[in-house]
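S.K.: Going by this note's numbering, the first residue of the sequence shown is number 18, and it counts up by one from there. Below you will find the structure I want to go over with you.
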Amino acid sequence: MTTVQHIWELLDAVPDPEIPVVSIRELGILRDVREDDQGLEIIITPTYSGCPAMDQIADDIRTALAQQQLSARITTQLAPAWTTDWISAAARIKLHSYGIAPPHTLAPGGDRVIRFAPRLSAAQAVACPQCGSSHTTETSHFGSTACKALYKCLDCLEPFDYFKTY
Numbered sequence: 018m019t020t021v022q023h024i025w026e027l028l029d030a031v032p033d034p035e036i037p038v039v040s041i042r043e044l045g046i047l048r049d050v051r052e053d054d055q056g057l058e059i060i061i062t063p064t065y066s067g068c069p070a071m072d073q074i075a076d077d078i079r080t081a082l083a084q085q086q087l088s089a090r091i092t093t094q095l096a097p098a099w100t101t102d103w104i105s106a107a108a109r110i111k112l113h114s115y116g117i118a119p120p121h122t123l124a125p126g127g128d129r130v131i132r133f134a135p136r137l138s139a140a141q142a143v144a145c146p147q148c149g150s151s152h153t154t155e156t157s158h159f160g161s162t163a164c165k166a167l168y169k170c171l172d173c174l175e176p177f178d179y180f181k182t183y
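Shown next, in the form of structure tokens:
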């Protein structure tokens, strides 16, 4: 019998298909692992409801489980909606090292209303993951994926993705 904790650890090695330096668990996409009389169930939540990577994530989970001779029902849960607050501290460091500016965290009790074009204050300026400068500008609200925006550093002139805060 496989423990639920073992499954969590096994799935911690499943990378996000769009950002392979972080796992689906580190990004907060892997929400729960349950075992009941019907077997194992894996709960995943997309970073946004139209995320095209969800089928690939489900396939990658099935593959990881099959390598251990396991199977599970995979359930996509849309509520509560995924939030960047679910990204682990380790994943934020990995995103930065990979060249993606990690999302800002919200203060406890902070405004959690999704804005389509949020205005960042000077204190929330997006720092360049290459040189660390906060002298940056958003060049496109939609980057390589819909959950990221494209920024440019005005000091080193490098473009980079910023993982939007949700």
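The beta-carbon is built from N, C-alpha and C at its ideal position, and this holds for glycine as well. Computed from a prediction, not measured in an experiment: that's the story for all the values here.
Just the C-alpha distance for residue 98 and residue 71, rounded to the nearest angstrom, thanks.
M.R.: On the sequence shown, position 81 is the one that residue 98 refers to. On the sequence shown, position 54 is the one that residue 71 refers to. Using only the alpha carbons, I get a separation of about 14 Å.
S.K.: What's the C-alpha gap between residue 151 and residue 144?
M.R.: For the purposes of this step, residue 151 is identified with residue 134 of the sequence shown, where counting begins at 1. For the purposes of this step, residue 144 is identified with residue 127 of the sequence shown, where counting begins at 1. For residue 151 and residue 144, the distance between alpha carbons rounds to 4 Å.
S.K.: Rounding to the nearest angstrom, what Cα-Cα distance links residue 104 and residue 116 in this structure?
M.R.: Indexing the sequence shown from 1 puts residue 104 at position 87. Indexing the sequence shown from 1 puts residue 116 at position 99. So the alpha carbons of these two residues sit roughly 16 Å apart.
S.K.: Which whole-angstrom value is the C-beta distance of residue 63 and residue 93, which I expect to be below 8 Å?
M.R.: Your numbering for residue 63 matches position 46 in the sequence shown. Your numbering for residue 93 matches position 76 in the sequence shown. Yes, residue 63 and residue 93 are in contact; Cβ-Cβ is about 7 Å, under 8 Å.
S.K.: Roughly how many whole angstroms lie between the Cα atoms of residue 39 and residue 114?
M.R.: Your numbering for residue 39 matches position 22 in the sequence shown. Your numbering for residue 114 matches position 97 in the sequence shown. Computed Cα separation, rounded: 11 Å.
S.K.: Are the region 73-88 and the region 48-55 touching by the rule of at least three beta carbon pairs closer than 8 Å?
M.R.: no
S.K.: Along the chain, where does the beta strand (DSSP E) that runs through residue 21 open and close?
M.R.: Along the sequence shown, read from residue 1 onward, the residue named residue 21 stands at position 4. That residue, residue 21, is in no beta strand (DSSP E); its alpha helix (DSSP H) goes 21-28.
S.K.: DSSP state of residue 89, grouped into three classes?
M.R.: To locate residue 89, count along the sequence shown from 1; it is residue 72. Reduced to three states, the DSSP call for residue 89 is coil.
S.K.: Just mark residue 178 as buried or exposed, buried being the case when its beta carbon has 16 or more other beta carbons within 10 Å.
M.R.: One-based indexing of the sequence shown puts residue 178 at position 161. Residue 178 comes out buried.
S.K.: How long is the line joining the alpha carbons of residue 32 and residue 61, rounded to whole angstroms?
M.R.: Taking the first residue of the sequence shown as position 1, residue 32 is located at position 15. Taking the first residue of the sequence shown as position 1, residue 61 is located at position 44. Cα-Cα distance, rounded: 13 Å.
S.K.: Looking only at its own chain, which residues have a Cβ that is under 6 Å from the Cβ of residue 75, when we skip the five neighbours before and after it?
M.R.: Counting from one through the sequence shown, the residue named residue 75 turns up at place 58. Excluding residues within five positions, the ones whose Cβ falls inside 6 Å are 91.
S.K.: Where does residue 54 sit, in a helix, a strand or coil, going by DSSP?
M.R.: Taking the first residue of the sequence shown as position 1, residue 54 is located at position 37. Coil, per DSSP.
S.K.: Just to confirm, is the Cβ distance from residue 188 to residue 73 under 8 Å?
M.R.: This structure leaves residue 188 out entirely; the chain is present only between 18 and 183.
S.K.: What residue from 66, 78, 69 has the CA that sits closest to residue 50's CA?
M.R.: Counted from its first residue, the sequence shown places residue 50 at position 33. Distance check between residue 50 and each of 66, 78, 69 places 78 closest, using alpha-carbon atoms only.
S.K.: Does the distance from the CB of residue 167 to the CB of residue 156 come in under 8 Å?
M.R.: Counting from one through the sequence shown, the residue named residue 167 turns up at place 150. Counting from one through the sequence shown, the residue named residue 156 turns up at place 139. Yes, Cβ-Cβ distance for residue 167 and residue 156 is below 8 Å.
S.K.: What does the alpha-carbon distance come out to for the pair residue 89 and residue 176?
M.R.: As a working note, residue 89 is residue 72 in the sequence shown. As a working note, residue 176 is residue 159 in the sequence shown. The alpha-carbon atoms of residue 89 and residue 176 are separated by roughly 41 Å.
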